Amino acid sequence: MKKLSAIVLAMCLMTACSGGDAAPGPSSGEPMSGESLSSQTSSGAEEEETPSGQPGQQVGNIYLYGELHGVKAIYDRELELWKDHYEKEQTRHLFLELPYTPPKEIGPGIHEEETEEPGIIGDVTGVPNDFLDIVLTDPIVRPVDRYTHEQMVTDIQSLQNRYGDKIQVNVIGWSHDGRAIYEIIIGSMEAPKHVLLQGAIHGREYMTPLLMMSQVELALASYDMGHYNNMALSDMFQQTALHFVPMTNPDGVAISQYGMAAIRSDFVRQEVLASYARDVEAGKTTAPLEEYLPYWKSNGMGVDLNHNFPAHWEEMLLPTVAGSYANYKGTAPLSEPETQALAALSSQRNWAATISYHSMGNIIYWDTDSNQSAEGSLALAQQISQVTGYGVNNSKGKGGYKDWMQVNGQAAPSVTVEVGSVACPMPLSEFESVWNQNKGVWVSVMDFVIHR
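Residue numbers for the sequence shown follow my numbering, beginning at 47 and rising by one.
What follows is the structure in structure tokens.
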């Protein structure tokens with residue numbers, strides 16, 4: 047693998063009153079660092095004769111050397127060797143980042159054999175970065191066919207143990223069946239801007255928590271050394287904090303993954319059975335129960351949470367008027383503990399942007415009726431489209447989280463990102479493309495809000 051390195055071009059310019067020798071490089075042309083150097087272009091270039099200077103003419107030497115990026119010991123050695131040039135001779139330096147061709151990554155820590163074909167770093171066309179294609183050697187979050195609430199909780203605890211104060215975790219609410227709804231924060235709580243990302247508001251869309259937890263781990267692993275669009279990630283996280291709610295509907299996820307066996311409480315079990323009976327009677331399904339439940343979108347009480355927000359809720363004339371696997375909007379806006387928890391979190395501050403992860407379709411929705419953040423939402427959708435390659439669609443939603451965030455008194459640029467190209471629940475084989483398209487979305491959104 048070609049290692050990522052920096053070529054530093056140092057040019058010493060001097061004004062000569064009469065002819066003279068150019069300034070030498072660091073003493074004896076000594077290498078800037080020993081084993082730490084990834085590729086030494088020259089050890090502090092050989093001294094060469096320079097033309098005799100005329101009065102007022104500038105002459106000097108150019109020194110080239112290579113270094114591994116972001117290694118403190120190398121920076122210290124550089125300062126030691128070049129100190130006199132920097133302080134006394136007004137040496138100037140130019141950093142040139144050289145890309146490398148990464149192994150094809152299926153997910154964090156899972157990659158195919160390296161190829162020598164040239165490629166773009168990451169999926170963010172035209173934007174330099176040095177971390178999106180790193181391969182984590184010991185990842186905590188690992189792609190699995192059914193990424194459960196229990197596995198997510200375990201991974202959150204492991205991320206806390208590994209990354210310490212870089213990650214903050216809150217429980218923002220509880221589901222009907224007694225599962226915690228988690229918020230994961232990366233970045234300074236004192237940052238002037240905050241971005242909220244939420245996923246799995248529909249049960250059967252449980253690839254989105256896997257995606258978002260993988261994004262969380264990549265952000266944490268890159269926090270101290272990563273750069274994006276010529277900014278250090280550590281600086282970006284002082285300007286923008288990310289709030290991830292990876293699994294808004296944990297009961298729905300559990301029901302879709304493991305059916306009746308996943309249900310803890312008797313009253314949820316009875317409601318799911320009642321919903322199935324109604325859907326059979328209404329002709330919505332002829333499948334046996336065990337084949338019906340994997341397609342479950344609703345929460346544990348048969349309410350479609352993405353129809354339960356106060357955004358033109360009264361105007362939604364849906365044929366489903368009671369609990370069902372999908373499309374029942376509930377008895378009133380925010381009737382459910384899951385939507386109440388997300389709404390309460392959303393009301394705590396003015397958000398710079400919100401992202402709702404759904405599946406499927408490889409498309410981004412950005413509009414609703416009476417959209418108070420239309421311009422910003424469209425710009426945000428276009429930004430994410432550049433990263434993912436997804437199309438942008440202006441169809442107007444109702445009752446969804448994105449829609450509510452665009453019409454409430456704290457309206458924020460908001461989009462729904464539909465990942466994947468096959469019907470839910472998606473097989474694990476779909477994760478490779480979903481990851482490659484979306485691994486850079488969070489940092490691209492940070493860049494968007496910082497420069498907006």
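Using N, Cα and C, we set each Cβ at its ideal position, and we do this for glycine too.
From a predicted model like this one, the values you see are computed outputs, not experimental measurements.
Do you know offhand how far residue i's Cα is from residue j's?
{"i": "E163", "j": "S280", "result": "At E163, the pLDDT of 34 sits below 50, so the modelled position is not reliable; the number obtained from the coordinates is stated separately. Answer to the nearest angstrom: the Cα atoms are 31 Å apart."}
{"i": "A372", "j": "K343", "result": "5 Å"}
{"i": "S321", "j": "S402", "result": "26 Å"}
{"i": "S268", "j": "F177", "result": "6 Å"}
{"i": "G90", "j": "M277", "result": "Reliability fails at G90, whose pLDDT of 37 lies under 50, so the model's placement of it is uncertain and no value is given."}
{"i": "A398", "j": "I410", "result": "18 Å"}
{"i": "D191", "j": "Q303", "result": "10 Å"}
{"i": "P185", "j": "M235", "result": "26 Å"}
{"i": "P356", "j": "I247", "result": "16 Å"}
{"i": "M492", "j": "T400", "result": "11 Å"}
{"i": "P296", "j": "L127", "result": "57 Å"}
{"i": "G298", "j": "A308", "result": "10 Å"}
{"i": "V489", "j": "A265", "result": "8 Å"}
{"i": "P292", "j": "Q386", "result": "16 Å"}
{"i": "S475", "j": "T194", "result": "17 Å"}
{"i": "L351", "j": "N345", "result": "7 Å"}
Going along the chain, which residues of its own chain have a beta-carbon closer than 6 Å to the beta-carbon of residue i, five neighbours each way excluded?
{"i": "N417", "result": "Q452"}
Is the CB of residue i under 9 Å away from at least one CB in chain C?
{"i": "R188", "result": "In the structure shown, chain C does not exist; there is a single protein chain."}
Relative to the C-alpha of residue i, which residue among the options is closest?
{"i": "H240", "options": "E478, L127, N396", "result": "N396"}
{"i": "F477", "options": "Q197, Y411, E251", "result": "E251"}
{"i": "G29", "options": "I230, F313, A237", "result": "Beyond the ends of the chain as shown, which are 47 and 498, falls residue 29; an answer cannot be given."}
{"i": "L391", "options": "E229, L288, V215", "result": "E229"}
{"i": "M472", "options": "S405, A425, D415", "result": "S405"}
{"i": "V487", "options": "T183, V318, L335, Q428", "result": "Q428"}
{"i": "N216", "options": "Q284, F290, N295, S234", "result": "F290"}
{"i": "G245", "options": "A237, A287, V262, V318", "result": "V262"}
{"i": "Y338", "options": "V463, L243, A323", "result": "A323"}
{"i": "I496", "options": "Q285, L243, I227", "result": "Q285"}
{"i": "G210", "options": "A226, D270, I180", "result": "D270"}
{"i": "S381", "options": "M198, W450, V349", "result": "V349"}
{"i": "L243", "options": "K212, M282, L388", "result": "L388"}
{"i": "P365", "options": "K330, V199, P379", "result": "K330"}
{"i": "H358", "options": "L319, R315, W450", "result": "W450"}
{"i": "Y341", "options": "I202, A425, C470, V187", "result": "C470"}
Excluding the 5 residues flanking residue i on each side, which residues of the same chain have their C-beta closer than 7 Å to its C-beta?
{"i": "M362", "result": "H353, K375, K444, G445"}
{"i": "V480", "result": "M253, L257, V465, G466"}
Terminal residues of the continuous alpha helix (DSSP H) containing residue i?
{"i": "N482", "result": "477 to 484"}
{"i": "F283", "result": "279 to 285"}
{"i": "G298", "result": "296 to 304"}
{"i": "V495", "result": "487 to 496"}
Do residue j and residue i come within 9 Å of each other at the CB atom, strictly closer than that value?
{"i": "V468", "j": "L257", "result": "no"}
{"i": "K485", "j": "S204", "result": "no"}
{"i": "G369", "j": "E317", "result": "yes"}
{"i": "G219", "j": "E360", "result": "no"}
{"i": "S423", "j": "D415", "result": "no"}
The ligand GTP heavy atoms versus the CB of residue i: any closer than 8 Å?
{"i": "E236", "result": "Absence of the ligand GTP is noted for the structure shown, with no ligands found whatsoever."}
For residue i, which residues from the same chain have a beta carbon less than 8 Å from its beta carbon, with the 5 sequence-adjacent residues on both sides left out?
{"i": "Q483", "result": "D169, N408, V433, T434, G435, Y436, V465"}
{"i": "A287", "result": "I231, I232, G233, S234, M235, A237, K239, H240, V241"}
{"i": "I430", "result": "I401, I410, Y436, V461, V463, V487, S490, V491"}
Along the beta strand (DSSP E) that carries residue i, what are the first and last residues, could you check?
{"i": "I230", "result": "226 to 232"}
{"i": "S393", "result": "Per DSSP, S393 belongs to no beta strand (DSSP E) and is neither H nor E."}
{"i": "G249", "result": "G249 -> no beta strand (DSSP E), and no H or E assigned at all."}
{"i": "S441", "result": "437 to 443"}
{"i": "L243", "result": "239 to 245"}
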